[in-house]
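Student: With the numbering used here, letter number 427 in the sequence shown gets 485, and the count goes up by one each step, no holes.
A virtual CB, placed ideally from N, CA and C, is assigned to each residue, including glycine.
Before we start, here is the structure in question, set down as structure tokens.
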Amino acid sequence: MKINYPLNLRELVRVSRGELWLGNPHQEVPGLSIDSRTILPGEFFLAIPGKNYDGHQFVFSAIQKGASGIVVSRSDWQFPEENTVLPAVVRVENTVEALLDIAGYLRNKFSGPVVAITGTSGKTTTKEMIRHLLSDYSVVSNIANFNNYIGASLTVLAVSPTAKYLVTELGTSAPGEIDRLGKMVSPDIAVITNVGKGHLLGLKDIEGVRKEKSDLARHIRPNGTIIVGGDDPGLVALVKEKKPPETKLITFGLSSENDFFARNIEVLPDAIKAVVVLPDKENILLTLSVPGEFNIKNVLASLAVVWALGLEVKKLSGKVKDFPGVPERMQVHKTTEDILLVNDAYNSNPTSLRAAIDSFINLAINREKIFVLGDMKELGEREIAEHISLADYLLDKPWEMIFFTGELMRYTYDRLYSLSETGKKRLFYCSNKDELRLSLAEVLQPGQAVFFKASHVVGLSEVFNYFAAG
59 MKINYPLNLR
69 ELVRVSRGEL
79 WLGNPHQEVP
89 GLSIDSRTIL
99 PGEFFLAIPG
109 KNYDGHQFVF
119 SAIQKGASGI
129 VVSRSDWQFP
139 EENTVLPAVV
149 RVENTVEALL
159 DIAGYLRNKF
169 SGPVVAITGT
179 SGKTTTKEMI
189 RHLLSDYSVV
199 SNIANFNNYI
209 GASLTVLAVS
219 PTAKYLVTEL
229 GTSAPGEIDR
239 LGKMVSPDIA
249 VITNVGKGHL
259 LGLKDIEGVR
269 KEKSDLARHI
279 RPNGTIIVGG
289 DDPGLVALVK
299 EKKPPETKLI
309 TFGLSSENDF
319 FARNIEVLPD
329 AIKAVVVLPD
339 KENILLTLSV
349 PGEFNIKNVL
359 ASLAVVWALG
369 LEVKKLSGKV
379 KDFPGVPERM
389 QVHKTTEDIL
399 LVNDAYNSNP
409 TSLRAAIDSF
419 INLAINREKI
429 FVLGDMKELG
439 EREIAEHISL
449 ADYLLDKPWE
459 MIFFTGELMR
469 YTYDRLYSLS
479 ETGKKRLFYC
489 SNKDELRLSL
499 AEVLQPGQAV
509 FFKASHVVGL
519 SEVFNYFAAG
């Protein structure tokens, strides 16, 4: 990846808190790569340890492809024999921390506004909506939802002096990660979309999630703005406690007590209409072509960012109608047989699943409804209890059939089977995706609507794509 600001080896060593083992301190660092397969000649290779592979295993592959320098961990890489020809070598304590430090250093060279977004759900959609609203300008943002230490750092490294805005999405699965990412990004404007039952494996409970997400408030730049889902008083209180005193606070939500709020929400077959009320009490009528009433809050958060940037909200709000949505987030496809398929299978947790099902029910109001549900991952000690309680929620919903897959969804299936008096023959448990695909194919009829929802690792999008392809 090309680095668009001047950076020499001396600076890299100092910023990464490393030591120069070999090389000229005045050597320029034109780019950084963490992938030996795609590294370009002249770039530095930063060896990152991963779940499946360790970048230190591919140092010599990167050198053979023309790396002009390598950044390695002191403990994870053994220096070769003396007769081996090496480029510049920097040794650091931790290469992931080094990447974060380098990204933070280069972020400080960027003079434009930086927007950072976190939250249990809605991060990627809000990021993409902000990018869409600012499409008349040069915007750098995360690819897809690459929002962890590595993905967010690479996003910052991609920024250039010609960019107008940097919009970053920040994710977390363990305490302290938002604090570290917030320090690196140091946003002018921060957005916390919401707090829900996500990543409980690392964050334990709702209070743990709320504490983690609100840590972003600590790192807003002087005279910056934090934008918060105001329908959660506990989150707002924590943000007020943590934010710098000179930071402006803007709330959004469905309650009229928020600075940005929506009223007169109307769900139509192919759109959602709402009146958005701005902080100056001006009313704007909006049309959103993407399904999901919860997306209205993502619109509000995005418009609040436009407001905080000092741009014309009313003018740019007209772009909302043309927002195309995000793949695997309430992605709608109608087959030639008039079967409505809705794919929301990028991720799933108890909060987002319930919101998505309610939106699907409204979307498919005149159709027989089929739910296809897979495991909700990373719920920690709550994983079984949350899957069991899901059955109670589903019991009174209007469904024709429900297909379950995954070890944890077996608990939902068993519980719902025991509760349902009339629906036992309309509940199906499938042990794998092939069985699910075959079973679903046997029952699909024109006029039905099918909803897919699971954590990404379950792979329900593959089943959706199979039926969408016809």
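In its own chain, which residues sit with a C-beta less than 7 Å from the C-beta of Tyr195, not counting the 5 before and 5 after it?
Tutor: Once the five neighbours on either side are set aside, the close Cβ partners of Tyr195 are Lys222 and Tyr223.
Student: Around the C-beta of Pro349, are 16 or more other C-beta atoms found within 10 angstroms, so that it is buried, or is it exposed?
Tutor: Label assigned to Pro349: buried.
Student: Touch check for the stretch 334-346 and the stretch 310-325: three-plus C-beta pairs under 8 Å?
Tutor: The stretch 334-346 vs the stretch 310-325: in contact.
Student: Since Pro408 and Lys255 are thought to touch, with beta carbons under 8 Å apart, how far apart are those beta carbons, to the nearest angstrom?
Tutor: Confirmed, about 4 Å.
Student: Measure how close the beta-carbons of Arg276 and Val253 come, nearest whole angstrom, since I'm counting them as under 8 Å.
Tutor: About 16 Å; that fails the 8 Å criterion.
Student: Measuring straight from C-alpha to C-alpha, what distance separates Gln506 and Leu453?
Tutor: Their Cα atoms are separated by approximately 20 Å.
Student: Using the Cα positions of Asp433 and Ser410, report the straight-line distance between them to the nearest angstrom.
Tutor: Their backbone Cα atoms lie some 13 Å apart in a straight line.
Student: Since Arg468 is in the alpha helix (DSSP H), which residue starts that stretch and which ends it?
Tutor: Element bounds for Arg468: Met467 to Leu477.
Student: In the DSSP assignment, find the unbroken beta strand (DSSP E) run with Leu346 in it and report its ends.
Tutor: Asn341 to Leu346 is the extent of the beta strand (DSSP E) around Leu346.
Student: Quick check: the Cα distance between Ile121 and Asn405, rounded to an integer number of angstroms?
Tutor: Spanning the two alpha carbons is a distance of roughly 38 Å.
Student: Tell me whether Gln122, by its Cβ, gets closer than 6 Å to a heavy atom of the ligand NAP.
Tutor: Here there are no bound small molecules, and the ligand NAP is not part of this structure.
Student: Kindly identify the DSSP beta-bridge partner or partners of Leu90.
Tutor: Answer is Phe102.
Student: Looking at C-beta atoms only, is the number of pairs between the stretch 372-386 and the stretch 167-186 that lie closer than 8 Å three or more?
Tutor: With a cut-off of 8 Å, the stretch 167-186 and the stretch 372-386 count as touching, because enough Cβ pairs lie within range.
Student: Alpha carbon to alpha carbon, how far is Phe352 from Ala413? Give it in angstroms, no decimals.
Tutor: Approximately 7 Å between the Cα atoms of the pair.
Student: Where does Tyr111 fall in DSSP's three states?
Tutor: It is coil, neither helix nor strand.
Student: My output table needs one value for Asn490: the three-state DSSP class, helix, strand or coil.
Tutor: In the structure shown, Asn490 sits in coil (DSSP, three-state: anything other than H, G, I, E or B).
Student: Which complete beta strand (DSSP E) runs does the stretch 324-405 hold, if anything under 3 residues is left out?
Tutor: 329-335, 341-346, 389-392 and 398-401, all fully within the stretch 324-405.
Student: Taking only the alpha-carbon atoms, compute the straight-line gap between Ala403 and Lys181 and give it to the nearest angstrom.
Tutor: Whole-angstrom Cα-Cα distance: 15 Å.
Student: Could you pull out every residue in the same chain whose Cβ sits closer than 7 Å to the Cβ of Glu441, ignoring the five residues on either side in sequence?
Tutor: Same-chain partners within the cutoff: Leu466.
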